[in-house]
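Asker:
There are 2 protein chains.
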Amino acid sequence: MAEDKKYQDASLPLPPDVEESLCRCGGIAGLTGQLPGDDLLKRESALFRALADPLRLKILAMLAVQPLCVCVIKAVLGIADSKLSYHLGVLKKANLIAGEAQGNWIIYRLTAEGEAWAQQIVDDNGS
Amino acid sequence: MAEDKKYQDASLPLPPDVEESLCRCGGIAGLTGQLPGDDLLKRESALFRALADPLRLKILAMLAVQPLCVCVIKAVLGIADSKLSYHLGVLKKANLIAGEAQGNWIIYRLTAEGEAWAQQIVDDNGS
DNA sequence: TTTTCATTTCAGATTCTTTTGAAATATCGA
DNA sequence: TCGATATTTCAAAAGAATCTGAAATGAAAA
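Respectively, the protein sequence lines represent chains E and D.
0 is the number of the first residue of the first sequence in numbering that gives the first Met the number 0; add one for each residue after it.
0 is the number of the first residue of the second sequence in numbering that gives the first Met the number 0; add one for each residue after it.
1) Quick one: list the residues of chain D neighbouring Asp80(E), beta-carbon separation under 8 angstroms, in chain order.
2) Please return the same chain residues whose Cβ sits closer than 7 angstroms to the Cβ of Leu46(D), not counting the five positions on each side in sequence.
3) Which residue wins for smallest C-alpha separation from Leu76(D), given the options Pro66(D), Pro53(D), Gly98(D), Leu95(D)?
4) Which runs of the beta strand (DSSP E) spanning at least 3 residues fall entirely within the region 49-120 of chain E, listed in chain order?
5) Could you give the distance in angstroms between the alpha-carbon of Gln65(D) and the alpha-carbon of Gln101(D)?
6) Just to confirm before moving on: does the CB-CB distance between Ala49(E) and Arg55(E) stay below 8 angstroms?
7) Quick one: what does DSSP say Cys22(E) is sitting in, helix, strand or coil?
8) Quick check: what's the CA-CA separation for Leu40(E) versus Lys57(D)?
9) Just the C-alpha distance for Tyr85(E) and Val17(E), rounded to the nearest angstrom, thanks.
10) Any beta carbon from chain D within less than 8 angstroms of Thr110(E)'s own beta carbon?
11) Pull up the distance between the alpha-carbon of Cys24(E) and that of Met61(D), whole angstroms please.
12) Taking Cβ positions only, does Leu67(D) come closer than 8 angstroms to chain E?
13) If you run the structure through DSSP and keep just helix, strand and coil, what is Gly29(E)?
14) In the region 90-120 of chain D, which residues sit with their C-beta less than 7 angstroms from some C-beta in chain E, listed in chain order?
15) Output yes if chain E places a C-beta closer than 8 angstroms to the C-beta of Cys22(D); else output no.
16) From Leu109(D) to Val89(D), what does the alpha carbon distance come to, in whole angstroms?
17) Since Val71(D) contacts Leu13(E) with CB under 8 angstroms, what's their CB separation in whole angstroms?
18) Express the C-alpha separation of Gln119(E) and Ile96(E) in angstroms, rounding to a whole number.
19) Hey, how far is the Cα of Asp38(E) from the Cα of Glu112(D)?
20) If the criterion is Cβ atoms closer than 8 angstroms, does the pair Leu127(D) and Val69(D) meet it?
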């Protein structure tokens with residue numbers, strides 16, 4: 000053993016600069032303590048998973064223009080009803096959109112959270 | 000362009016307010032024209048897919064504290080080498096992290112894009 | 001009431017992502 | 001050179017997401 004080691008994680012041989020800065024932040028334990036909790040990470044990754052599909056991003060971009068009923072979204076995307084319904088369900092579950100029945104139709108609009116993300120998506124048009 | 004029709008998409012029966020605002024933005028065609036291109040949507044959704052996993056978000060949060068070699072990341076996460084390597088590969092391919100060999104180790108750090116996302120993830124600690 | 005229309009739900013098939021354990025690569029120190 | 005260590009790669013298996021077409025729901029018009 001390297002008994003004169005002043006670092007907490009002496010059991011793990013490391014590159015010098017990593018070891019030094021790791022020590023400065025409290026070693027493995029200190030680093031671990033700074034990380035977001037698993038519940039938060041799970042929620043955040045679920046949000047990203049809802050955004051991880053081109054069709055769904057396109058739906059958000061459409062709804063950023065204006066609220067729309069399912070049949071218009073379908074006309075723009077040119078996909079089957081059930082497929083669209085599936086993707087709308089994913090976005091709804093992620094709290095990015097909300098639907099309100101109006102007579103024979105259901106009109107979907109962005110939630111506040113959906114607005115924020117749609118903005119980010121549409122803004123990116125340049126890069 | 001010269002049309003007698005008041006609405007471009009008269010074939011599609013719509014709720015009144017959707018029809019009106021849809022007309023104001025140029026009908027189905029006008030709306031379609033405002034949307035981001037498929038190539039951009041694909042790139043953006045690929046980025047979100049890379050972020051759509053709690054382990055990977057945790058890795059980004061770790062690297063927001065400091066650059067780290069694989070063995071430290073592994074010690075914090077407590078997962079198998081090959082599994083970690085897979086997730087590092089996903090993040091690397093999405094251009095969120097980059098690895099630099101240093102002797103026997105590979106030290107990973109956030110890219111500029113990775114920094115921005117890691118910030119967003121860590122900032123969310125309250126909500 | 002019956003029909004029609006917009007939308008959702010369901011089950012099965014398909015495709016994509018992730019996990020696993022073993023083998024490969026590559027670098028260091030002796 | 002050898003052996004140890006850090007990391008990646010690979011193929012197969014497991015799991016999750018998505019697609020499909022058919023059937024169900026529910027509101028409105030006839």
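From the three backbone atoms N, C-alpha and C, an ideal C-beta is built for every residue, glycine too.
Answerer: Let me spell this out:
1) Taking the first sequence and counting its residues from 1, the one referred to as residue 80(E) is at position 81. Against chain D, a Cβ distance below 8 angstroms from Asp80(E) picks out nothing, because the smallest value is about 14 angstroms.
2) In the second sequence, the residue the question calls residue 46(D) occupies position 47. For Leu46(D), where only same-chain residues beyond five positions count, the Cβ hits under 7 angstroms are Ala93.
3) Counting from 1 along the second sequence, the entry for residue 76(D) is found at position 77. In terms of CA proximity to Leu76(D), Pro53(D) leads the group Pro66(D), Pro53(D), Gly98(D), Leu95(D).
4) Segments of the beta strand (DSSP E) lying fully in the region 49-120 of chain E: 96-101, 104-109.
5) Against the second sequence, residue 65(D) aligns to sequence position 66. Against the second sequence, residue 101(D) aligns to sequence position 102. Whole-angstrom Cα-Cα distance: 16 angstroms.
6) Within the first sequence, numbered from 1, the residue matching residue 49(E) stands at position 50. Within the first sequence, numbered from 1, the residue matching residue 55(E) stands at position 56. Yes.
7) As a position in the first sequence, residue 22(E) is number 23, starting the count at 1. Helix at Cys22(E).
8) Here residue 40(E) is taken as the residue at index 41 of the first sequence, counted from 1. Here residue 57(D) is taken as the residue at index 58 of the second sequence, counted from 1. Rounded to whole angstroms, Leu40(E) to Lys57(D) spans 7 angstroms at the Cα level.
9) Locating residue 85(E) in the first sequence gives position 86, where the first residue counts as 1. Locating residue 17(E) in the first sequence gives position 18, where the first residue counts as 1. C-alpha separation (whole angstroms): 46 angstroms.
10) What you label residue 110(E) is simply residue 111 of the first sequence in a count that begins at 1. Closer than 8 angstroms: no.
11) What you label residue 24(E) is simply residue 25 of the first sequence in a count that begins at 1. What you label residue 61(D) is simply residue 62 of the second sequence in a count that begins at 1. Cα to Cα, Cys24(E) sits roughly 11 angstroms from Met61(D).
12) Residue numbering aside, residue 67(D) sits at position 68 when the second sequence is read from its first letter. Judged by the 8 angstroms Cβ criterion, Leu67(D) is in contact with chain E.
13) Numbered from 1 along the first sequence, position 30 holds the residue referred to as residue 29(E). Helix, per DSSP.
14) Gln101, Gly102, Trp104, Ile106, Ile120
15) On the second sequence, position 23 is the one that residue 22(D) refers to. False, the Cβ-Cβ gap to chain E never drops below 8 angstroms.
16) As a working note, residue 109(D) is residue 110 in the second sequence. As a working note, residue 89(D) is residue 90 in the second sequence. Taking the straight line from one Cα to the other gives about 13 angstroms.
17) Working through the second sequence from its first residue, we reach residue 71(D) at position 72. Working through the first sequence from its first residue, we reach residue 13(E) at position 14. So it is a contact: roughly 7 angstroms between Cβ atoms.
18) Your numbering for residue 96(E) matches position 97 in the first sequence. Your numbering for residue 119(E) matches position 120 in the first sequence. If you take the alpha carbons of Ile96(E) and Gln119(E), they lie about 15 angstroms apart.
19) Position 39 of the first sequence, counting from 1, holds the residue named residue 38(E). Position 113 of the second sequence, counting from 1, holds the residue named residue 112(D). For Asp38(E) and Glu112(D), the gap between their C-alpha atoms comes out near 24 angstroms.
20) Summary: the structure shown does not reach residue 127(D), with chain D confined to residues 0 through 126, and so no result is reported for it.
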